[in-house]
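Engineer: Quick one: this structure, given as structure tokens, is what I'll be asking you about.
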Amino acid sequence: MRNIQTLLLLFVAIVLGWPHLAAGEAPTSTTPPQETPADKDARMRWWREARFGMFIHWGVYSVAAGEWNGKPVGGAGEWIMNGADIPVAEYEPLAKRFNPLKYDPAEWVRIAKDAGMEYVVITSKHHDGFCLFDTKTTDWDVVDRTPYGKDLLMPLADECRKQGLKFCTYHSIMDWHHPAQTRGGKTYNPTQIKPGRKQEFTDYLRAQLQELLDSCDPEVMWFDGEWLDWWEEADGREIYAWLRERKPSLIINNRVGRGRDGMEGLNKGDQEYVGDFGTPEQQIPATGVPGVDWESCMTMNDTWGFHKHDHNWKSAETLVRNLVDIASKGGNYLLNVGPTADGEIPPESVERLSAIGKWMHANGESIHATTASPFAALAWGRCTARQGDDHATLYLHVFDWPPDGKLRVPGLRSKTGGARLLATGQALTAERDGDDTIVSLPVEPLDPIDTVVVLETAGPLDIATP
Ligand code: JFZ
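This is the structure we're talking about:
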């Protein structure tokens, strides 16, 4: 059937004299829509202000949960097809056991929102090629192959809109299930494209992206699996331009093309690369880079997809401080959960998110819509800021409470317009000491994870060595 369609299309193409189509080339431009810096700022605005989002890795690998033939498989749960070297025919039956009857998208979004997150990025398709949405491009999807039988993304997208969060999707370019690709051995890199079949795959990819735009309509397309040697920057540019033509407000990560410099995630410096933001993975850059948007994606334990043997959970303290560290450098934090095949976010994750939420309820003002720290380094913690022309609000995040109760802000020469604890509003005194400003703190920290002190300047920000 597909072959007849293809033949017909080719025939029509040749008759109508579309040489580029007949040669198997897609009829799109590679130039993204023209955009002024102000337009770009407007497009990126919600994303820059959000600072904190939820990553969701979910699929039929969640059924395996990190075990194959009764044995634990090392590595991340969503990589099990590769890690245990499972042929497609043996992997596919997992779908028959994917029946997430406890899936409650309203609850998932509530959990994210309560943690102070402002967007959600969920795997529409991971490396195993399994689609969590109703696609016509393949029957390797939740509707056709699982007892659950319903699109999983639409209800989540609806809930996000209802509760005021942005809905976004992750879509893998590497595809171990697609007939045009061959998964290699157990290592990361060798997934190949079969000779002459790249166009078939990119057509498939585009058809899926169109379906996503037409159904759940994500605000970010978060690509991945781009590191294969057959995926080129030009391919990324085409997809990028094609998507932005269809949805001008769309935000697209740098893994659509070949700019990413390893796990550090920002772009290589040798040329311009396509994509709106850098994607450090499991790490936080040492400093921010002015004018560069980036988002650190990180796990709470050591896996993205659910893995029942992974109990290496980070503490709530680490997670809150990661968020603050990232915000102080001008980045976003995309924190992962790996729901079970039943449809539940693991309790260990829910607990941690609610601890973060507790901190965010009192201190969220110091994160959302703030900008990076104007200081080079602060021995006791971090700083986030809100700056106007003749006034600045500094949020001093105290990780290490000074034993003498004197918080020294090095090089801050601006006149102070008052200081207070963010969570309680309790007023504090701030005075100049040479080039520094010293805030007098209560004896005990309000919150041992991070007590936030608000310092208002009277007049413009003046820092000796910013
Ligand atoms: C990628 C995915 O492989 C992973 O499953 C998860 O989705 C994460 C957010 O993104 O992570 C990678 C990508 C590349 C390498 C390692 C992890 N690599 O090349 O070593």
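Whatever position you read off the sequence shown (first residue = 1), add 11 for the working numbering.
Glycine included, C-beta positions come from ideal geometry on N, C-alpha and C.
From a predicted model like this one, the values you see are computed outputs, not experimental measurements.
Mark E129 as exposed unless 16 or more other C-beta atoms lie within 10 angstroms of its C-beta, in which case mark it buried.
Structural biologist: Walking along the sequence shown from the start, residue 129 turns up at place 118. By the 10 Å Cβ count, E129 comes out buried.
Engineer: State the DSSP-derived secondary structure class of M92, mapped to helix, strand or coil.
Structural biologist: Numbered from 1 along the sequence shown, position 81 holds the residue referred to as residue 92. Here M92 sits in helix by DSSP.
Engineer: Would you kindly work out how many angstroms separate the C-alpha atoms of C308 and R393, rounded to a whole number?
Structural biologist: The residue given as residue 308 occupies position 297 in the sequence shown. The residue given as residue 393 occupies position 382 in the sequence shown. Cα to Cα, the separation comes out at about 20 Å.
Engineer: Between the region 63-70 and the region 329-346, can you find at least three pairs of beta-carbon atoms closer than 8 Å?
Structural biologist: Yes, the region 329-346 touches the region 63-70.
Engineer: Keeping to the same chain, check which residues put their C-beta closer than 8 Å to that of A34; ignore five residues upstream and five downstream.
Structural biologist: Here residue 34 refers to the residue found at position 23 of the sequence shown. With a pLDDT of 36 at A34, under the threshold of 50, the modelled position of that residue is not reliable, and the figure given next carries that caveat. So the list is empty, once near-sequence residues are dropped.
Engineer: Where are the beta strand (DSSP E) runs, 3 residues long or more, that stay fully inside the region 218-299, in chain order?
Structural biologist: Those beta strand (DSSP E) runs which fall completely within the region 218-299 and span 3+ residues are 231-235.
Engineer: For F288 versus N312, is the C-beta distance shorter than 8 Å?
Structural biologist: On the sequence shown, residue 288 is found 277 positions in, with the first residue counted as 1. On the sequence shown, residue 312 is found 301 positions in, with the first residue counted as 1. No.
Engineer: Considering T329, what are the terminal residues of the beta strand (DSSP E) in which it resides?
Structural biologist: Here residue 329 refers to the residue found at position 318 when the sequence shown is read from its first residue. Segment A327 to S339 is the alpha helix (DSSP H) holding T329; no beta strand (DSSP E) there.
Engineer: If I measure Cβ to Cβ from K319 and keep anything under 6 Å in the same chain, skipping five residues before and after, which residues do I get?
Structural biologist: As a working mapping, residue 319 is identified with position 308 in the sequence shown. Closer than 6 Å at the Cβ level, and outside the excluded window around K319, lie A76 and G77.
Engineer: For the region 385-401 against the region 77-87, do three or more pairs of beta-carbon atoms, one drawn from each stretch, fall closer than 8 Å, so that the two count as touching?
Structural biologist: No, they do not touch.
Engineer: Are V231 and V132 closer than 8 Å when you measure CB to CB?
Structural biologist: Here residue 231 is taken as the residue at index 220 of the sequence shown, counted from 1. Here residue 132 is taken as the residue at index 121 of the sequence shown, counted from 1. Their beta carbons are under 8 Å apart, which means V231 touches V132 by this criterion.
Engineer: What's the gap between the Cα of A37 and the Cα of V463?
Structural biologist: By 1-based counting over the sequence shown, the position of residue 37 is 26. By 1-based counting over the sequence shown, the position of residue 463 is 452. Low confidence applies here, because A37 scores a pLDDT of 43, under 50, leaving its location unreliable; read the following figure in that light. Roughly 53 Å between the two C-alpha positions.
Engineer: K161 lies in the alpha helix (DSSP H); which residues open and close that run?
Structural biologist: Counted from its first residue, the sequence shown places residue 161 at position 150. It is not in any alpha helix (DSSP H) - K161 carries neither H nor E in the DSSP assignment.
Engineer: Mapping DSSP to helix, strand and coil, what is A396?
Structural biologist: Here residue 396 corresponds to residue number 385 of the sequence shown, with the count starting at 1. In the structure shown, A396 sits in a strand (DSSP, three-state: E or B).
Engineer: Note down, in chain order, each residue of its chain lying with its Cβ closer than 8 Å to the Cβ of P413, except the 5 sequence neighbours on either side.
Structural biologist: Taking the sequence shown and counting its residues from 1, one reaches residue 413 at position 402. So the list reads W391, R419 and L452, once near-sequence residues are dropped.
Engineer: For C142, write down the residues that DSSP places opposite it in a beta bridge.
Structural biologist: Translated into the one-based positions of the sequence shown, residue 142 becomes position 131. Its beta-bridge partners are K136 and D152.
Engineer: Taking the beta carbon of R266 as the centre, do at least 16 other beta carbons fall within 10 Å, making it buried, or is it exposed?
Structural biologist: Counted from its first residue, the sequence shown places residue 266 at position 255. Classification of R266: buried, given that the 10 Å Cβ count is 16 or more.
Engineer: Find the nearest neighbour of L466 within the set P459, G445 and L423, judged by alpha-carbon distance.
Structural biologist: On the sequence shown, position 455 is the one that residue 466 refers to. Measuring from the Cα of L466, the nearest candidate turns out to be L423.
Engineer: In this structure, what does DSSP give as the bridge partners for F63?
Structural biologist: Within the sequence shown, numbered from 1, the residue matching residue 63 stands at position 52. Answer by DSSP bridge pairing, in chain order: Y344.
Engineer: What number of angstroms, rounded off, separates the C-alpha of K481 from the C-alpha of V153?
Structural biologist: The requested residue 481 does not occur in the structure, where the chain is confined to residues 12 to 477.
Engineer: To the nearest angstrom, how far is it from the Cα of P385 to the Cα of L254?
Structural biologist: To locate residue 385, count along the sequence shown from 1; it is residue 374. To locate residue 254, count along the sequence shown from 1; it is residue 243. If you take the alpha carbons of P385 and L254, they lie about 36 Å apart.
Engineer: Assuming L439 and L432 make a contact with CB atoms under 8 Å, what is their CB distance in whole Å?
Structural biologist: Numbered from 1 along the sequence shown, position 428 holds the residue referred to as residue 439. Numbered from 1 along the sequence shown, position 421 holds the residue referred to as residue 432. Sure, about 7 Å apart at Cβ, within 8 Å.
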